[in-house]
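Reviewing the structure listed below.
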Amino acid sequence: MRDGPSRQQLLRDKVYGVLVLLANQEETNSICVDYEKSVAEVYADTVLATIELYSCRNPLHHVYHGLVYRPDGSFTSWTPRWDVDNPVPKMTPFPFNACRDRPVKSVDNTNISSQYLRLSGMYYSEVTHTLARMDEDNFANKDNPLLEMYDMITERPGTESLRKLARTSTVGESLDLEILADVLLAFRENSDRGKDMMNRGLWYLLARVTCNHRRFFTHKGTFGLGPECMRTGDIVVVLFGGETPYILRPHGDEYYFMGQAYVDEIMQGELVYAMDASEVEEQEFVLV
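Quick note on numbering: the sequence shown equals residues 1 to 288 in this note's numbering.
Below, the structure is given as structure tokens:
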């Protein structure tokens, strides 16, 4: 009796099967069906084809490394693990435009392969401090990292930093400062009022975009929200074709891709404006 298809073959079939459904011939021909390739290579081919066809970084938004990133020698850091559940919501149904519609530069075989991806963009800043990972266990208690950041932010004069914290805590969604303050106070007091707020959906609003992320500060003094695997020494960049900033980890002259980030100061093309004014320079980042 013949054995059934292997798990590796089934995973490749899920990608190759989609090609049959595509009406556009260019899309159909964008990936060469090759069962000699590993699942990691097929997934990488999918990322590369999408970037070439649509000049966007959307496949990178599916990358999830969990709590700690460990290179495994098969999947590159920029290849999504579509065979593994990803509990983290992507930051882009929201109307961000960090690259200010600057498209991906034309690529050829010298720019891309299944092992590395050479992308252009702009360096923003280095991560100088990270807070504890936010999860369901620490979200509704006094060890909440959001409370820690709130205490650090309230030491700054004025209310603009608090407004940025409110937007960062909801990845750009509108949240009144008084409501945010009430929620944080309720968390700190662990009061019945806090439980009532959670029941009214405010807990869900914050938890939906915050859990499994990590808050951080940069060398510029700004703060943001990034993937839970990020750490001090990582860098924040904006890549052409990308709707949000990204976190990269230096690895010699190359970089590991960690995931999407929210930094309020650069969500709507501000870094591109700075580049056009010769205040920052375009750079090339080789992802492995």
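For glycine and all other residues, C-beta sits at the position ideal for the given N, C-alpha and C.
Note that this is a predicted model, so its numbers are computed, not measured.
Which same chain residues, not among the five before or five after methionine 230, have their C-beta less than 7 Å away from its C-beta? Val127, Thr130, Arg214, Phe216, Ile247, Met258
Under 8 Å, with one C-beta from each stretch per pair, do the region 226–240 and the region 158–166 reach the 3-pair mark? no
What residue does the beta strand (DSSP E) around methionine 122 start on, and which one ends it? 117–133
In the DSSP assignment, what residue or residues form a beta bridge with proline 250? Tyr255
Please confirm whether asparagine 97 and glutamine 268 have their CB atoms less than 7 Å apart. yes
Helix or strand or just coil, what does DSSP make of proline 167? One detail in the question is off: residue 167 reads as arginine in this sequence, not proline. Residue state, collapsed to three classes: helix.
Nearest to leucine 287 by alpha carbon, out of Ser114, Thr232, Gly172? Ser114
Which residues share a DSSP beta bridge with arginine 214? Arg133, Gly226
Just mark cysteine 32 as buried or exposed, buried being the case when its beta carbon has 16 or more other beta carbons within 10 Å. exposed
Starting from glutamate 148, follow its DSSP beta bridges and name the residues at the other end. Glutamate 148 pairs with nothing; no bridge assigned.
Return the CA-CA distance between glutamate 41 and tyrosine 54, expressed in angstroms with no decimal places. 20 Å
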